[in-house]
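Single-structure report; data block below.
Here it is in structure tokens:
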């Protein structure tokens, strides 16, 4: 980060504000100027694209275990005028399971999401989905290879928990300029998801300590 010519504290503060709050890049440029630091809004975006994948990887090593009852659903993100699909799930306590952005909403995308989520979080006991035939087909295929099948529930209303959780993510993406590349739509919402999970207490901290969400985010860069 030395070549960026800014203190790491400034860089991390800008990146955290960008993914933690409903702020545009222009807002961040103005806020830093009020604090005596001149930072172009496009520079903040580059910092986010560079740092967030590293911080996400560090967070995954410290993510707390989640429950075995999952609520899974898809929401939408616009890329160059086209809608892409953000697959997400939470457990019965509202803890985020995992996320994945895909270009299509089909069996291939659903299978990739479940494979990723299970690899990171273990096999659930129950998964609640909506009426998506693709999600159902994938879960049935997963069960075909298991001695103890995952219980599948198909109902729109029990998924209100994950649909409500979508809103916290979409509030932040709404002020981000239109995602121009699929790389951006993978990285930036991923950073929002990490900050969202930290705020919900999903990061392991040293025993007896109670750092703020901001301090936990900064710890990931150490």
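In full-length UniProt numbering, the protein residues as written are 1 to 222.
Beta carbons: idealized from backbone N, C-alpha and C, even for Gly.
Nearest neighbour of residue i, chosen from the options [CA to CA]
{"i": "residue 100", "options": "151, 182, 168", "result": "182"}
{"i": "residue 143", "options": "159, 111, 51, 121", "result": "111"}
{"i": "residue 5", "options": "47, 207, 145", "result": "47"}
Cross-strand partners of residue i (DSSP beta bridge)
{"i": "residue 99", "result": "88"}
{"i": "residue 63", "result": "203"}
Host alpha helix (DSSP H) of residue i (start-end)
{"i": "residue 50", "result": "41-60"}
{"i": "residue 12", "result": "8-20"}
{"i": "residue 26", "result": "25-34"}
{"i": "residue 235", "result": "An answer regarding residue 235 cannot be provided, because it is not within the stretch 1 to 222 covered by the chain."}
Cβ pair residue i, residue j closer than 8 Å
{"i": "residue 217", "j": "residue 195", "result": "yes"}
{"i": "residue 22", "j": "residue 171", "result": "yes"}
{"i": "residue 203", "j": "residue 62", "result": "yes"}
{"i": "residue 184", "j": "residue 49", "result": "yes"}
{"i": "residue 97", "j": "residue 66", "result": "yes"}
{"i": "residue 105", "j": "residue 89", "result": "no"}
{"i": "residue 155", "j": "residue 173", "result": "no"}
{"i": "residue 190", "j": "residue 56", "result": "yes"}
{"i": "residue 102", "j": "residue 85", "result": "yes"}
{"i": "residue 192", "j": "residue 169", "result": "yes"}
{"i": "residue 124", "j": "residue 68", "result": "yes"}
Query raised in the report: Residue ranges of each beta strand (DSSP E) run of no fewer than 3 residues wholly in the UniProt domain "DDE" (68-202), ordered along the chain?
Result: Complete beta strand (DSSP E) runs here, min 3: 69-79, 82-91, 96-102, 126-129, 151-154.
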